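These notes concern the structure reproduced below.
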Amino acid sequence: MKRILVTGGAGFLGSHLCERLLNEGNDVVCMDNYFTGSKSNIYHMIGSPHFERFRHDVTDPFKVEVDEIYNLACPASPPHYQYNAIKTMKTSVMGAINCLGAAKRVKARVFQASTSEVYGDPQVHPQPESYWGHVNPIGIRSCYDEGKRAAETLFTDYHRQNGVDIRIVRIFNTYGPRMNPDDGRVVSNFICQALRGEDITIYGDGQQTRSFCYVDDLIEGFIRLMGSDMTTPVNIGNPGEFTMLELAEKVLTKVGGKSKLTFQDLPGDDPKQRQPDISLAKEKLDWEPKISLDEGLDKTIEYFRTVV
Ligand code: NAD
Ligand code: UDP
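For my numbering, count along the sequence shown from 1 and bump the result up by 6.
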């Protein structure tokens, strides 16, 4: 049994990770400031003698006696991370420094939830880990993209300079139960709009692409990466690539109802295409996703029917 800290543990991905680690017999400590997360995501774990939670902001230093730290604390949806851009940058940079300092003190292994956003609006397709990206440093997405890039730099420098045992995952768009219905991300938006009979909001012409990974596949990738000896970034995502129009049509077919498509302005710096090259994860972690978009959407729609 290990003692494991999950920052951002009350969020969408964090709550699934806490659950998986708890089910595997570990002692789990969940840290969150509840900015975008929610206690309802972790209610079912409260009461377990192996689950602890504390309200804390990752930008404030902390000390913990743990074997491993997973650093997930950071708003992930564009409207939420743009709500207070300065705070988002602080969360990524100061959060990384605080997690690395805490890990260094107790010689814990520390895992950073990075993102495909480090590739920006990519000019190489699909994106391998060796691609340095195409990122605007001063746009509306920069607080998130550059914050996550700086966090990768800090993780790598703490490893090189201080021997801290690091892991870095670059997560591509992930969806599933416990996404916040109002956080503005595309999968939750389309499903909730269809369930409410509202129009489906397509930003731009809907021809931009994303590759969607179901949460259970992603968490399996996290566990394999943490258990590996990879100290350089690894892409985890589902290579199945879809336009937003294709996604909207799938959701409408599955949910039924009378919703129509409505076209709205494309937000600034919205990446035109995104697809992970997962050769490294396949080779080093023997990992690849198992759940198709159709199967994952069915499970996610079933969840949203209970909350919308
Ligand atoms: P989420 O918003 O549901 O979860 C983030 C959690 O972090 C929330 O519980 C929030 O309250 C907490 N948090 C935010 N700022 C904090 C702070 N300063 N101190 C303490 N807690 C804080 O988002 P998610 O989808 O679960 O994302 C989790 C992590 O994975 C994030 O770091 C995100 O950047 C990364 N990521 C997610 C995706 C995805 O598709 N879901 C893709 C790429 C990267
Ligand atoms: N998007 C959309 N309608 C929505 C929400 C998002 O067309 O209601 C688009 C958005 O412009 C982007 C894609 O869907 O091109 C994915 O958006 P999301 O915010 O989920 O993730 P990210 O852009 O960070 O990959």
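The C-beta atom is built at its ideal place from N, Cα and C for all residues, glycine as well. The model shown is predicted, which means the values in this text are computed figures rather than measured ones.
- Given a length threshold of 3 residues, each whole run of the beta strand (DSSP E) inside the stretch 229-288 is given here in chain order: 240-242, 247-249, 267-270.
- Secondary structure note for Tyr150: its alpha helix (DSSP H) is the uninterrupted segment 148-168.
- Following the DSSP letters along the chain, one finds Glu74 inside the beta strand (DSSP E) bounded by residues 74-77.
- A straight-line Cα-Cα distance of about 18 Å links Asp66 and Phe117.
- Taking C-beta atoms as the reference points, Gly262 and Ile242 fail to come closer than 8 Å.
- In terms of side-chain proximity, the C-beta atom of Met250 is found nearer than 7 Å to a non-hydrogen atom of the ligand UDP.
- In this structure, Glu74 lies near Ala114, with their beta-carbon atoms less than 8 Å apart.
- Of the candidates Arg61, Val64, Val34, Val34 places its Cα closest to the Cα of Met51.
- Taking C-beta separations shorter than 6 Å and ignoring five residues to either side along the sequence, the partners of Asp171 in its chain run Arg115, following chain order.
- DSSP, read as helix, strand or coil, puts Phe60 in strand.
- Between Ile208 and Phe269, the CB-CB gap stays under 8 Å.
- Counting along the chain, Ile52 sits inside no alpha helix (DSSP H), nor does DSSP assign it H or E at all.
- The straight-line gap separating the alpha-carbon atoms of His86 and Tyr164 is approximately 29 Å.
- For the ligand UDP, the residues with a Cβ under 7 Å from any of its heavy atoms are, in chain order, Ser83, Pro84, Glu123, Asn179, Gly190, Arg191, Val192, Val193, Asn195, Phe196, Thr207, Ile208, Tyr209, Gly210, Gly212, Gln214, Arg216, Met250, Leu272, Pro273, Asp276, Pro277, Arg280.
- In the DSSP annotation of this structure, the continuous segment of the beta strand (DSSP E) that includes Ala119 starts and ends at 115-121.
- In this chain, the alpha helix (DSSP H) harbouring Ser21 covers 18-29.
- Shown here, Met185 sits in coil according to DSSP, grouped into three states, outside any helix or strand.
- Pro277 sits close to Asp127, with the two beta carbons spaced by under 8 Å.
- In terms of CA proximity to Thr237, Arg166 leads the group Ile206, Glu294, Arg166.
- DSSP links Gln133 through a beta bridge to Pro282.
- Counting the other Cβ atoms within 10 Å of the Cβ of Asp188 gives fewer than 16, which makes it exposed.
- Counting only the Cα atoms, Ala108 lies some 7 Å from Phe68.
- Residue Val240 holds the alpha-carbon nearest to the alpha-carbon of Val175 among Val240, Arg191, Ala79.
- Look at Met95 here: in three-state DSSP terms it is helix.
- Taking all protein chains shown into account, Lys288 has fewer than 16 neighbouring C-beta atoms within 10 Å of its C-beta and is therefore exposed.
- A direct Cα-Cα distance of roughly 24 Å separates Val12 from Asn244.
- Relative to the ligand NAD, the beta carbon of Asn186 is positioned inside 7 Å of a heavy atom.
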